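Data block below; observations after.
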Amino acid sequence: MELPPMVLTAQAQADRLGFDLSSEPEVGRLIAFFSNGVPSGGRVLELGTGSGVGLAWIVHGIGERTDVEVVSVELDGERAVQAQAMGWPEWVSIIEGDGADVVGTLGSFDLIFPDAPGGKIFKLRKTIADLRAGGVILVDDMDLSRHSDPELRNGLATVKDRLLQHPDLICAELPFASGVIVARRRKGDR
Numbered sequence: 001m002e003l004p005p006m007v008l009t010a011q012a013q014a015d016r017l018g019f020d021l022s023s024e025p026e027v028g029r030l031i032a033f034f035s036n037g038v039p040s041g042g043r044v045l046e047l048g049t050g051s052g053v054g055l056a057w058i059v060h061g062i063g064e065r066t067d068v069e070v071v072s073v074e075l076d077g078e079r080a081v082q083a084q085a086m087g088w089p090e091w092v093s094i095i096e097g098d099g100a101d102v103v104g105t106l107g108s109f110d111l112i113f114p115d116a117p118g119g120k121i122f123k124l125r126k127t128i129a130d131l132r133a134g135g136v137i138l139v140d141d142m143d144l145s146r147h148s149d150p151e152l153r154n155g156l157a158t159v160k161d162r163l164l165q166h167p168d169l170i171c172a173e174l175p176f177a178s179g180v181i182v183a184r185r186r187k188g189d190r
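Residue numbers (my numbering): 1 to 190.
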């Protein structure tokens, strides 16, 4: 299946920069699927812009709508500047910063894609707290067998346990691509 033009552009940039941590296409399609379901007036948060591949999938999912706000946070200043220059719709903003410092300061969101240690391994509780009732957190890279670093494996195992055991979340673990957990905040909880 052919990739959307904005995804191809972002992937080409990742290849030029030697950035090999972009979301796999299977995960990207899932991100687009959930992005498409964000309600009117909704908000999407991505932690870890990287070269913009995940963000391109989010924008693809939202499509021509202009009633959604997307915020993407990137720790690396150079990557943030390069991603900002890619010609995103006006409802997309890219912020330079550490996801661990940003979660809890930007309000609540309908979809959160924590794709960096900050907000995923570090400060996951704040990330969950930023999720609106009925909102979705999509976490990839959860197939622990793909990671050789024991510290990273332990951190991701903790993320998995916290998500799957959180009383306010309904979770599904999807054993495909890099390993995905989707979690929806129970309606009526917030």
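No residue lacks a Cβ here, since even glycine has one placed at the ideal position from N, Cα and C.
In this text, all values refer to a predicted model and were calculated from it rather than measured experimentally.
So for VAL197, helix, strand or coil by DSSP?
Past the boundaries of the shown model lies residue 197; the chain is included only from 1 to 190, so the question cannot be answered.
For the 8 Å Cβ check, are there 3 or more pairs between the segment 10 to 18 and the segment 44 to 63?
yes
Less than 9 Å between the C-beta atoms of VAL70 and LEU45, yes or no?
yes
Quick one: residues in its chain with C-beta nearer than 7 Å to the C-beta of LYS126, no 5 flanking neighbours on either side, listed in chain order?
VAL103 and GLY104
Among the residues of its own chain, which have a CB less than 7 Å from the CB of LYS160, if the five just before and after it don't count?
MET142 and ILE181
For the beta strand (DSSP E) containing ARG27, list its first residue and its last residue.
The sequence as given places Val at residue 27; Arg does not occur at that position. That residue, VAL27, is in no beta strand (DSSP E); its alpha helix (DSSP H) goes 25 to 36.
Which partner residues does PHE109 have in the DSSP bridge list?
LEU131
Does the distance from the CB of SER23 to the CB of LEU47 come in under 9 Å?
no
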